[in-house]
Ligand code: ATP
């Protein structure tokens with residue numbers, strides 16, 4: 414019933430009642446029936462159609478309860494080691510009688526550490542299902558308040574909620590998940606951060622108050638990607654003394670995650686998720702979920718009934734670099750970008766033959782063009798030569814601009830950032846003239862010197878290499894500008910047919 418209708422009814426009933434009384438009728442029985450009817454209507458409406466949230470005092474109609482949305486360890490791709498370690502720790506919660514018999518102190522806190530989007534929250538949810546516990550969660554940032562004491566009282570409420578929900582749902586245990594624990598559990602510097610300190614102290618007090626004999630048994634799972642920031646009081650025995658690393662997935666793990674997220678999508682029989690997992694080294698579970706989702710969006714947008722490999726490839730590019738943009742570059746800019754990308758591609762093809770999978774001039778995210786590389790095997794160790802080659806690929810763009818324009822542009826900023834990061838890695842790994850050093854022992858001047866030496870040397874080597882392939886630039890430039898995209902094979906034919914025989 415509309416609001417206006419309701420208001421008219423409310424006004425109409427007393428008016429009719431007043432009229433009937435005025436006419437001498439006894440309206441009392443009528444009013445009584447009306448009142449009972451209205452009460453019945455209200456009860457049916459609130460119990461049946463109204464939504465009752467968790468923690469609300471309203472009573473739920475059991476028949477209206479939807480099955481709980483739970484997460485199991487089977488819904489988490491890869492992470493076999495982390496899942497194994499977590500399950501082992503959770504047995505403390507399940508086999509508590511034995512644990513009591515042996516006098517083992519209860520496990521109170523598990524710390525999940527690892528990069529964002531690797532499935533830490535999923536793990537905590539699966540842990541709740543595995544142990545048949547209630548799941549209560551909060552994020553560290555929710556405790557940050559300007560007013561002293563509010564964070565601490567929120568911690569108290571959280572524990573109270575866990576106990577209350579367990580009692581209400583008749584569960585023997587509760588899992589309390591605190592994401593971004595570093596926000597409240599950062600190192601206490603004293604004085605300045607009173608609010609954070611109080612929140613952290615309250616958390617420690619609540620943890621110390623957990624006993625094996627208590628029902629519900631409470632286990633706190635916290636997550637962070639900055640473990641080194643945590644206060645040592647949180648990490649000491651009896652608190653968060655189990656640390657489980659939830660790392661970026663390897664190739665097998667990526668394939669598993671892709672399979673999980675493709676279950677509800679129509680995939681063409683010819684698509685190879687194995688290829689996608691090879692092409693997504695360094696992606697987190699969240700990014701892989703996004704790849705599958707974006708691929709399905711591309712398929713739908715193109716009016717395809719199924720998701721095909723090109724949709725997946727486009728989705729990888731999107732997740733890696735951002736959506737295609739409509740930025741209309743000038744003719745001169747496009748020429749410069751084309752030379753820049755050819756510079757990257759030629760170096761890549763020469764230091765790692767057959768590694769280029771595509772040279773593209775279509776702008777994506779912040780990039781005006783990009784080179785896509787063929788999938789390689791997952792690699793965690795690099796030799797000095799391999800890092801140098803990677804730096805040369807990154808420098809190829811700016812060197813090409815210098816060769817054809819006599820100077821660089823702002824388009825190389827990202828390439829330089831990457832190069833500097835890689836030089837830093839070389840310094841830390843003892844692969845430079847500085848020898849094996851601790852960065853804190855090295856002065857800024859020494860670091861700048863070694864950076865400059867390495868980058869100048871590699872820039873020169875890149876220049877010498879690219880000079881040999883000037884003819885490849887000139888032969889490919891117009892085609893790339895016209896076609897916008899060169900496949901790896903097209904590009905290799907251009908390189909082969911235009912390189913000067915003696916310089917190969
Ligand atoms: P953050 O540190 O940012 O809180 P997180 O590690 O807690 O991240 P989750 O919130 O668990 O990450 O994961 C985000 C989303 O990514 C999930 O909802 C899921 O869709 C997907 N995802 C991440 N890891 C996995 C995985 N191992 N298996 C399946 N899906 C995953």
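In our numbering, the protein residues as written are 414 to 917. C-beta atoms are modelled at their ideal positions from N, C-alpha and C, and glycine is treated no differently. Just so we're clear, the structure is a prediction, and the values are computed from it rather than from any experiment.
- Ranked by Cα distance from residue 871, the first of 801, 899 and 767 is 801.
- Below 8 Å, enough C-beta pairs join the region 537-547 and the region 619-636 to call them touching: three or more.
- Those residues that have a beta carbon less than 6 Å away from any non-hydrogen atom of ligand 1 are, in order along the chain, 489, 490, 491, 492, 529, 530, 531, 532, 533, 534, 535, 592, 636, 638, 670, 673, 698, 699 and 702.
- Residue state for residue 850 is assigned as coil, using DSSP reduced to three classes.
- Check the Cα spacing between residue 567 and each of 730, 581, 580 and 550: the tightest is with 550.
- Contact between the region 486-494 and the region 668-679 is established, with three or more Cβ pairs separated by less than 8 Å.
- Residue environment analysis places residue 792 among the exposed positions, since fewer than 16 neighbouring C-beta atoms fall within 10 angstroms of its C-beta.
- Nearest to residue 880 by alpha-carbon distance, out of 812, 856 and 828, is 812.
- The beta strand (DSSP E) runs lying completely inside the region 798-850 and spanning 3 residues or more number zero.
- Taking the C-beta atoms as reference points, residue 523 is found nearer than 7 Å to residue 502.
- Burial check for residue 662: the Cβ neighbour count within 10 Å reaches 16 or more, so the residue is buried.
- Residue burial annotation: residue 546 is buried, with at least 16 other C-beta atoms found within 10 angstroms of its C-beta.
- Of 862, 795, 784 and 584, the smallest CA-CA separation from residue 828 is found for 784.
- In this structure, DSSP gives residue 777 an extended state, which the three-state scheme calls strand.
- Residues 722 of the same chain have their beta carbon placed closer than 8 Å to that of residue 685, with the five preceding and five following residues left out of the count.
- 882 is the residue among 650, 620, 882 and 795 whose C-alpha sits nearest the C-alpha of residue 757.
- Here the C-alpha atom of residue 876 lies approximately 31 Å from the C-alpha atom of residue 691.
- The three-state reading of DSSP puts residue 522 in strand, counting E and B together.
- Annotation for residue 694: no alpha helix (DSSP H) segment contains it, and DSSP assigns it neither H nor E.
- Sequence-distant Cβ neighbours of residue 687 in its own chain, meaning closer than 8 Å and more than five residues away, are 668.
- In the DSSP assignment, residue 730 falls within the alpha helix (DSSP H) that extends over 722-734.
- With a threshold of 16 other beta carbon atoms within 10 Å, residue 724 meets it and is buried.
- Taking C-beta atoms as the reference points, residue 747 and residue 894 count as a pair closer than 7 Å.
- When secondary structure is reduced to three states using DSSP, residue 509 falls in the helix class.
- C-alpha of residue 717 to C-alpha of residue 701: approximately 21 Å in a straight line.
- By the Cβ test, the region 503-512 is not in contact with the region 673-684, since fewer than three Cβ pairs between them sit closer than 8 Å.
- Residue environment: residue 612 is assigned as buried (16 or more neighbouring CB atoms within 10 Å of its CB, all protein chains considered).
- Fewer than three Cβ pairs drawn from the region 762-771 and the region 732-745 lie within less than 8 Å of each other, which leaves the two stretches out of contact.
- Nearest in C-alpha terms to residue 590, of all of 861, 759 and 572, is 572.
- Leaving aside the five residues that flank residue 651 on each side, the residues in its chain whose CB is nearer than 7 Å to its CB run, in chain order, 518 and 521.
- Here the C-alpha atom of residue 726 lies approximately 10 Å from the C-alpha atom of residue 693.
- Here the alpha carbon of residue 429 sits roughly 11 Å from the alpha carbon of residue 444.
- Just measuring C-alpha positions, the residue of 720, 711 and 751 sitting nearest residue 736 is 711.
- In this structure, residue 810 places its C-beta atom within 7 Å of the C-beta atom of residue 825.
- Put simply, the backbone Cα of residue 643 is about 8 Å away from that of residue 594.
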